[in-house]
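Working notes for the structure below.
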Amino acid sequence: MQSPISDIWRFVLLSEFWIQFAFAFVCLIVAVVALVKCIPKNAQRFDIAFKRTKGFWLGMTGGAVVLALLGAFGSTPFGLIFPVAAACMAMVYLTDVNPAVSE
């Protein structure tokens, strides 16, 4: 017979797993949105807006997708560092670069 403490502990661990998975999945969605928004942009717009190159931002947003995938579906010992880094990289593009190259 299991004690009530072990049932509570199992519930806490399962809840923590699903909360982290949901957070990592949201970070993955943000990274994919950033990559999809970067792909159709004209490369000259990046130079005009002084925002590095299109290849650089494709690499950053593509790397963000890979990091978010590792955080959501890979069992890494780093916890939520990969999804947080992915979300930061994607949000820099979405909030700073994308508006500048869309004008």
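Just so we're aligned, residue 1 is where the sequence shown starts under UniProt numbering, counting upward by one. The beta-carbon is built from N, C-alpha and C at its ideal position, and this holds for glycine as well.
Give the straight-line distance between the Cα atoms of Gly62 and Ala24, rounded to the nearest whole angstrom. 16 angstroms
Residues in its own chain within less than 6 angstroms of residue 118 by CB, not counting five upstream and five downstream? Outside the shown range of the chain, which is 1 to 103, sits residue 118, and nothing can be said about it.
So is Pro4 buried or exposed if we call it buried at 16+ other beta carbons inside 10 Å? exposed
According to the Cβ coordinates, are Phe78 and Ala68 closer than 9 angstroms? Between Phe78 and Ala68, the CB-CB gap reaches or exceeds 9 angstroms.
Looking at Ala86: is its Cβ nearer than 9 angstroms to the Cβ of Val65? yes
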